[in-house]
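Engineer:
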Amino acid sequence: MAAIFAAEGPAPVVVLERTADGGRKILISGGGRCNILPSAVAPERFVTDSPAHLLRGMLRSWPLAEQRRFFEDAVGIPLALEPETGKLFPQSNRARDVRDGLVALARRRNVRFQFGVTVAALGHGTRGWRVDTSAGAIHASRVILATGGLSVPPTGSDGTGLRIAAGLGHDLHDTYPALTPLTASSAPAFLSGLSLPVRLRAKWKGRTTESHGGFLFTHLGYSGPAVLDISHVCARSLMDGCGQGRASVRVCWTDTPAAEWESRLRGRDGSVLGALSRTLPERLSEFLMAQAGVPRDRRTSSLTRPERLALIERLTAYDLPWTGHEGYKKAEVTGGGIALDEVDPRTLQSRRHPGLYLCGEMLDAFGPIGGHNFAWAWATGRAAGRAAATQFG
Ligand SMILES: Cc1cc2nc3c(=O)[nH]c(=O)nc-3n(C[C@H](O)[C@H](O)[C@H](O)COP(=O)(O)OP(=O)(O)OC[C@H]3O[C@@H](n4cnc5c(N)ncnc54)[C@H](O)[C@@H]3O)c2cc1C
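Remember, our numbering sits 303 above the position in the sequence shown when you count from 1.
Pasting the structure below:
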């Protein structure tokens, strides 16, 4: 996106890309369908350790309606809304169309691609910047770093760009995996594969982060959008030297409030398992009863008060045991990164090095599941590209 907009200026634009084809995260995004944008931006759901107003300004610099029009008209990819999730996908449901469409548009604008070329270092040269690559040195009057974070390294992002930016004196906030599955040493194998919509509350350092949506039991622990959206809280609580204890995660398995469960479990006589299984998968009902110490064949009429209270707590605020997370190997994004006040929020130009622009996931911001992270990458990439084009001297 940065190259497409940089090409609006008079200077020739070259993309240096270490993989053989680029855009590999686009290819694997949204389960191969590419959730290209959300239907509404939610700046308040983004996470950053930088000033929030900077994040909001950068995100809103390219309004969603205009982003959508760009993809439909300029790239030529009609989008479709998935009403139940509010996510936008290409109508074709093929992520490849998005990646190929962007590369094709860049080529139409005379951007030159050098694939299989790794950038190793960046320094001031005689004519602006000297870019040291695996294919030799290149000189450029402007450089846009858009090397991503540390997530899913086989897609090409291994943190080299972050190291280059730090080496040039930029302030980096600690990085951590975000939108990554959680692990649990005691994950109940018989629940693996089960999924259901839930509400989650992660608590750490006195702050509560909430999410809702799909929850999936995996063979290693838990995944699904609701889990991914709070996973950064767990990841951060495990970071070295933090000393603030581990985050707690509580699950409310249904929309049924505690008072309603109370009346259901005290109402007409019947099996407790039956009462739970009308709302929850039976396997999970059995599991929660066992966790609450309620025998499988218990009837509501013989449920003791402590049993009922223990069960209602497991149903509405289950203390989810977790031990870790699946790390950058599975993380959809990287939390932390280059502090947002290291760049001019309108141009994304480095405040330390004129002629250097920083955009995308390498910046200290990420959003929830739902197309928000591409919205961030598109908006900041466009701003950096446009500024690099117009500030060409
Ligand atoms: C499995 C998965 C699914 C996802 N699904 C979605 C989704 O559906 N919707 C959504 O909004 N977001 C999704 N995301 C997040 C989204 O992909 C990222 O937020 C986005 O790709 C970040 O864009 P970026 O250009 O900043 O970085 P990247 O996409 O990581 O691109 C960085 C590029 O720089 C190249 N590079 C890195 N270092 C060098 C170097 N030293 N030399 C040369 N080239 C280099 C890399 O090869 C790569 O091509 C998903 C992520 C993953 C991992």
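Each residue gets a CB set at the ideal place from its N, CA and C atoms; glycine is no exception.
1) Beta-carbon separation of residue 665 and residue 465 under 9 Å?
2) May I ask you to report which of helix, strand or coil DSSP gives residue 314?
3) For residue 659, I'd like the list of residues in its chain whose CB is within less than 6 Å of its CB, leaving aside the five on either flank, ordered along the chain.
4) Could you give the distance in angstroms between the alpha-carbon of residue 361 and the alpha-carbon of residue 561?
5) So residue 498 and residue 527 are in contact, right, with Cβ under 8 Å, and what is the actual spacing, rounded?
6) Measuring straight from C-alpha to C-alpha, what distance separates residue 488 and residue 612?
7) Given residue 250, which residues of its chain have a CB within under 8 Å of its CB, disregarding the five upstream and five downstream residues?
8) Just to confirm my understanding: we take residue 430, look at its own chain, exclude 5 residues before and 5 after, and list those with CB closer than 6 Å. What are they?
9) Mind listing, in chain order, the continuous alpha helix (DSSP H) runs of no fewer than 4 residues lying wholly within the segment 452 to 538?
10) Can you tell me whether DSSP reads residue 306 as helix, strand or coil?
11) Helix, strand or coil, according to DSSP, for residue 585 in the structure here?
12) Nearer than 8 Å: is that true of the beta carbon of residue 678 relative to any heavy atom of ligand 1?
13) When the distance is taken between beta carbons, is residue 434 closer than 9 Å to residue 485?
14) Alpha carbon to alpha carbon, what distance is there between residue 450 and residue 689?
15) Counting pairs of beta carbons, one from the segment 667 to 679 and one from the segment 324 to 339, are three or more of them closer than 8 Å?
16) Among 502, 394, 377 and 474, which residue has its Cα nearest to the Cα of residue 384?
17) My assumption, with CB atoms under 8 Å, is that residue 475 sits in contact with residue 642. Please give the rounded CB distance.
18) With DSSP as the reference, please indicate the residues paired to residue 393 in a beta bridge.
19) Tell me the start and end of each unbroken beta strand (DSSP E) in the segment 407 to 438 that is at least 3 residues and wholly inside, in chain order.
20) One question on the structure: do residue 595 and residue 585 come within less than 9 Å of each other, judged by their Cβ atoms?
21) Does residue 344 come out as helix, strand or coil in the three-state DSSP assignment?
22) For residue 452 and residue 478, which I take to be in contact (beta-carbon distance under 8 Å), what is that distance rounded to the nearest angstrom?
23) Give me, in chain order, the residues of the same chain whose beta-carbon lies closer than 6 Å to that of residue 419; leave out the 5 immediate sequence neighbours on both sides.
24) Give the range of the alpha helix (DSSP H) segment to which residue 575 is assigned.
25) Can you tell me whether residue 505 is buried or exposed? The criterion is at least 16 other CB atoms within 10 Å of its CB, across all chains shown.
26) DSSP three-state call for residue 696: helix, strand or coil?
27) Which word fits residue 341, buried or exposed, when buried means at least 16 other C-beta atoms lie within 10 angstroms of its C-beta?
28) Should residue 437 be labelled buried (16 or more other beta-carbon atoms within 10 Å of its own) or exposed?
29) Using a Cβ-Cβ cutoff of less than 6 Å, which residues in the same chain neighbour residue 359 once the five nearest sequence positions on both sides are dropped?
30) Roughly how many whole angstroms lie between the Cα atoms of residue 300 and residue 310?
31) Cβ atoms of residue 491 and residue 637: under 9 Å apart, would you say?
32) Using alpha carbons as the reference points, say which of 455, 580 and 673 lies closest to residue 629.
33) Just to confirm my understanding: we take residue 646, look at its own chain, exclude 5 residues before and 5 after, and list those with CB closer than 7 Å. What are they?
34) Tell me whether residue 399, by its Cβ, gets closer than 8 Å to a heavy atom of ligand 1.
35) Taking just the CA atoms, how far does residue 399 sit from residue 365?
36) Please check the pair residue 521 and residue 540, which I expect to be a contact at CB under 8 Å, by giving their CB distance rounded to whole angstroms.
Structural biologist: Well, looking at it:
1) Start at 1 with the first residue of the sequence shown, and residue 665 comes out as number 362. Start at 1 with the first residue of the sequence shown, and residue 465 comes out as number 162. Yes, Cβ-Cβ distance for residue 665 and residue 465 is below 9 Å.
2) Position 11 of the sequence shown, counted from the start, is the residue given in the question as residue 314. If DSSP states are grouped into helix, strand and coil, residue 314 belongs with coil.
3) Numbered from 1 along the sequence shown, position 356 holds the residue referred to as residue 659. Result list for residue 659: 446 and 653, in chain order.
4) The sequence position of residue 361 within the sequence shown is 58, counting from 1. The sequence position of residue 561 within the sequence shown is 258, counting from 1. Straight-line measurement puts the Cα of residue 561 at about 41 Å from the Cα of residue 361.
5) In the sequence shown, the residue the question calls residue 498 occupies position 195. In the sequence shown, the residue the question calls residue 527 occupies position 224. With 8 Å as the limit, residue 498 and residue 527 qualify as a contact, their Cβ atoms being about 6 Å apart.
6) Taking the sequence shown and counting its residues from 1, one reaches residue 488 at position 185. Taking the sequence shown and counting its residues from 1, one reaches residue 612 at position 309. Approximately 27 Å between the Cα atoms of the pair.
7) Beyond the ends of the chain as shown, which are 304 and 696, falls residue 250; an answer cannot be given.
8) As a working mapping, residue 430 is identified with position 127 in the sequence shown. Hits under 6 Å: 442.
9) Listed in chain order, they are 463 to 470.
10) Mapped onto the sequence shown, residue 306 falls at position 3. Correct three-state label for residue 306: helix.
11) Here residue 585 refers to the residue found at position 282 when the sequence shown is read from its first residue. Here residue 585 sits in helix by DSSP.
12) Taking the first residue of the sequence shown as 1, we reach residue 678 at position 375. Residue 678: yes, Cβ under 8 Å from ligand 1.
13) Within the sequence shown, numbered from 1, the residue matching residue 485 stands at position 182. Within the sequence shown, numbered from 1, the residue matching residue 434 stands at position 131. No, the pair does not count as a contact, with Cβ atoms beyond the cut-off.
14) Here residue 689 refers to the residue found at position 386 of the sequence shown. Here residue 450 refers to the residue found at position 147 of the sequence shown. Each residue's alpha carbon lies about 18 Å from the other.
15) Touching, yes.
16) For this step, residue 384 is matched to residue 81 along the sequence shown. Put simply, of 502, 394, 377 and 474 the residue whose alpha carbon is nearest the alpha carbon of residue 384 is 394.
17) Your numbering for residue 475 matches position 172 in the sequence shown. Your numbering for residue 642 matches position 339 in the sequence shown. Between residue 475 and residue 642 the beta-carbon gap is near 7 Å, inside 8 Å, which marks them as a contact.
18) Taking the sequence shown and counting its residues from 1, one reaches residue 393 at position 90. Note: residue 393 sits in a beta bridge opposite 382.
19) Taking only runs of at least 3 residues, the beta strand (DSSP E) segments lying wholly in the segment 407 to 438 are 415 to 418, 422 to 428 and 431 to 436.
20) Walking along the sequence shown from the start, residue 595 turns up at place 292. Walking along the sequence shown from the start, residue 585 turns up at place 282. At a Cβ-Cβ threshold of 9 Å, residue 595 and residue 585 do not count as neighbours.
21) Within the sequence shown, numbered from 1, the residue matching residue 344 stands at position 41. DSSP places residue 344 outside both helix and strand once states are collapsed to three, so it counts as coil.
22) In the sequence shown, counting from the first residue as 1, residue 452 sits at position 149. In the sequence shown, counting from the first residue as 1, residue 478 sits at position 175. Contact check for residue 452 and residue 478: beta-carbon distance about 7 Å, within the 8 Å limit, so the pair qualifies.
23) Along the sequence shown, one-based indexing puts residue 419 at 116. Closer than 6 Å at Cβ, skipping near neighbours: 323.
24) As a position in the sequence shown, residue 575 is number 272, starting the count at 1. Counting along the chain, the alpha helix (DSSP H) containing residue 575 begins and ends at 575 to 580.
25) Numbered from 1 along the sequence shown, position 202 holds the residue referred to as residue 505. That one is buried.
26) Along the sequence shown, one-based indexing puts residue 696 at 393. Residue placement at residue 696 is flagged as unreliable, the pLDDT there being 49, under the threshold of 50; a coordinate-derived value is accordingly withheld.
27) Looking up residue 341 in the sequence shown gives position 38. Looking at its Cβ environment, which holds 16 or more other Cβ atoms inside 10 Å, residue 341 is buried.
28) Translated into the one-based positions of the sequence shown, residue 437 becomes position 134. With fewer than 16 neighbouring CB atoms inside 10 Å of its own CB, residue 437 falls in the exposed class.
29) Counting from 1 along the sequence shown, the entry for residue 359 is found at position 56. Here the set comprises 346.
30) The requested residue 300 does not occur in the structure, where the chain is confined to residues 304 to 696.
31) Position 334 of the sequence shown holds residue 637. Position 188 of the sequence shown holds residue 491. No. Outside cutoff.
32) Within the sequence shown, numbered from 1, the residue matching residue 629 stands at position 326. For the residues 455, 580 and 673, the minimum Cα distance to residue 629 belongs to 455.
33) As a working mapping, residue 646 is identified with position 343 in the sequence shown. So the list reads 652, 653, 654 and 661, once near-sequence residues are dropped.
34) The residue labelled residue 399 in the question sits at position 96 within the sequence shown. No.
35) Here residue 365 corresponds to residue number 62 of the sequence shown, with the count starting at 1. Here residue 399 corresponds to residue number 96 of the sequence shown, with the count starting at 1. Spanning the two alpha carbons is a distance of roughly 23 Å.
36) Counting from 1 along the sequence shown, the entry for residue 521 is found at position 218. Counting from 1 along the sequence shown, the entry for residue 540 is found at position 237. The pair is not a contact, with the Cβ atoms about 20 Å apart (cut-off 8 Å).
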